[in-house]
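Chemist: Numbering (my numbering), first residue to last: 14 to 327. Below are the structure tokens for one structure; questions will follow.
This is the structure we're talking about:
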């Protein structure tokens with residue numbers, strides 16, 4: 014190891030996704046600008062300048078001894094919200110409040126594959142890279158006032174991962190084996206709330222299916238099998254055999270060579286056989302510029318859809 018060398022992760026940077034001859038990623042203008050921020054941040058840290066903005070939860074929002082419903086959000090680029098920007102909320106109408114911290118909901122996160130981790134529990138609010146946010150903001154807003162008792166949200170994402178990286182068996186890329194980290198993240202979240210004197214009810218895992226699983230043949234074919242293995246093992250490891258998984262998917266890429274692989278039907282088949290697997294077809298999201306990568310309006314709507322799916326199950 015070279016003490017003078019530093020690795021700078023970039024998988025959380027915005028990508029442009031091409032198709033036609035096979036899915037491929039590259040960095041356009043936005044991604045290159047974000048690269049520049051990464052390099053600047055890395056340099057500033059070497060001279061003792063911290064660019065992270067503190068977001069303390071100054072007053073713990075729940076009464077000691079009360080029950081907290083913990084909602085776990087998980088996924089890839091779209092759950093991270095790499096193309097959803099707070100500066101665009103005003104244009105959506107009646108969504109400006111999402112840009113403000115909500116100190117009534119405790120929020121913790123590990124995003125970008127652990128590149129950014131919350132300082133314990135923070136108020137629910139925009140905490141993504143480069144002024145971005147994920148579905149958690151509209152998710153929390155939709156639940157608040159409709160769910161009795163206390164709500165806490167914990168989010169775990171990795172933009173550079175595929176669904177097989179989340180399986181218990183993992184892949185040859187051992188550094189991307191996310192399952193143990195994901196389960197530990199959930200367990201730690203529960204323990205931290207318990208340490209504050211709360212009983213914890215794990216309300217469910219809300220997982221948005223990966224982008225590659227919607228558009229690359231080899232991933233699309235095995236997506237349902239990979240996800241099912243993760244769900245089964247998570248219920249075992251968390252000792253919650255009836256743990257609900259709310260699984261959202263966007264519209265798969267419509268390409269002649271791929272349409273023979275019906276990933277939607279494969280996920281629906283799991284839902285038909287497992288009453289605790291709630292399949293959410295997010296097929297009516299606002300149209301986005303880039304293939305597969307959901308933008309601001311879509312991310313807001315996705316969070317609302319996830320929350321509404323939970324409310325229907327109550």
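For every residue, glycine included, the Cβ atom is placed at its ideal position computed from N, Cα and C. Computed from a predicted structure; not experimentally measured.
#1: Between which two residues does the alpha helix (DSSP H) containing residue 199 stretch?
#2: Residue 360 and residue 66: beta carbons closer than 7 Å?
#3: Does the Cβ of residue 73 have 16 or more other Cβ atoms within 10 Å, making it buried, or fewer, making it exposed?
#4: Does the separation of the CB atoms of residue 343 and residue 203 fall below 7 Å?
#5: Residues in the same chain with beta-carbon distance under 6 Å from residue 124, minus the five sequence neighbours each way, listed in chain order, please.
#6: Which same chain residues end up closer than 8 Å to residue 168 when comparing Cβ atoms and leaving out the 5 residues on each side of it in sequence?
#7: How would you write the range of the beta strand (DSSP E) that residue 70 sits in, first residue to last?
#8: For residue 48, which residues from the same chain have a beta carbon less than 8 Å from its beta carbon, with the 5 sequence-adjacent residues on both sides left out?
#9: Pick from 177, 166 and 230: whose alpha carbon is nearest that of residue 216?
#10: Give the DSSP-derived three-state secondary structure of residue 317 in the structure shown.
#11: Buried or exposed for residue 79, going by 16 or more other Cβ atoms inside 10 Å?
#12: In chain order, what residues of the same chain have a beta carbon less than 6 Å from the beta carbon of residue 177, not counting five sequence neighbours either side?
#13: If we count Cβ pairs, one from each stretch, closer than 8 Å, do we get three or more for the stretch 54-65 versus the stretch 138-145?
#14: Count the other C-beta atoms from every protein chain shown that fall within 10 angstroms of the C-beta of residue 16, then say buried if there are 16 or more, exposed otherwise.
#15: Name the residue from 112, 243, 38 and 304 whose alpha carbon lies nearest to the alpha carbon of residue 180.
#16: If you drop the 5 nearest sequence neighbours on each side, which residues of the same chain put their C-beta closer than 7 Å to that of residue 159?
#17: Drop a sphere of 10 angstroms on the beta-carbon of residue 113, count the other beta-carbons inside from all chains shown, and report buried for 16 or more, exposed for fewer.
#18: Buried or exposed, going by whether 16 or more other CB atoms sit within 10 Å of the CB of residue 42?
#19: Where do the N-terminal and C-terminal ends of the alpha helix (DSSP H) with residue 91 fall, by residue?
Modeler: The structure says:
#1: Counting along the chain, the alpha helix (DSSP H) containing residue 199 begins and ends at 192-208.
#2: Any property of residue 360 remains undetermined from this structure, which presents the chain solely from 14 to 327.
#3: By the neighbour-count criterion, in which 16 or more other beta carbons inside 10 Å mark a residue as buried, residue 73 falls on the exposed side.
#4: Residue coverage of the chain in this structure runs from 14 to 327, which leaves residue 343 outside it and unanswerable.
#5: Excluding positions up to five away in sequence, the list reads 93 and 170.
#6: Apart from sequence neighbours up to five positions away, the residues of its chain that approach residue 168 with a beta-carbon distance below 8 Å are 85, 86, 87, 92, 120, 121, 122, 123, 124, 147 and 149, ordered along the chain.
#7: In the DSSP assignment, residue 70 falls outside any beta strand (DSSP E) and carries neither an H nor an E.
#8: Cβ neighbours of residue 48 beyond the five flanking positions: 23, 26 and 40.
#9: The residue with the shortest Cα to Cα distance from residue 216 is 166.
#10: DSSP places residue 317 within a helical segment (H, G or I) once states are collapsed to three.
#11: Classification for residue 79: exposed.
#12: Taken in chain order, the residues that qualify are 184 and 239.
#13: As far as the Cβ criterion goes, the stretch 54-65 does not touch the stretch 138-145, which means the pair count is below three.
#14: With fewer than 16 other Cβ atoms inside 10 Å of its own Cβ, residue 16 counts as exposed.
#15: With distances taken between Cα atoms, residue 180 lies closest to 243.
#16: Around residue 159, the same chain offers 324 as residues with beta carbons nearer than 7 Å, after the five sequence neighbours per side are excluded.
#17: Result: exposed.
#18: Exposed, by the Cβ-count rule.
#19: Counting along the chain, the unbroken alpha helix (DSSP H) around residue 91 starts and ends at 90-93.
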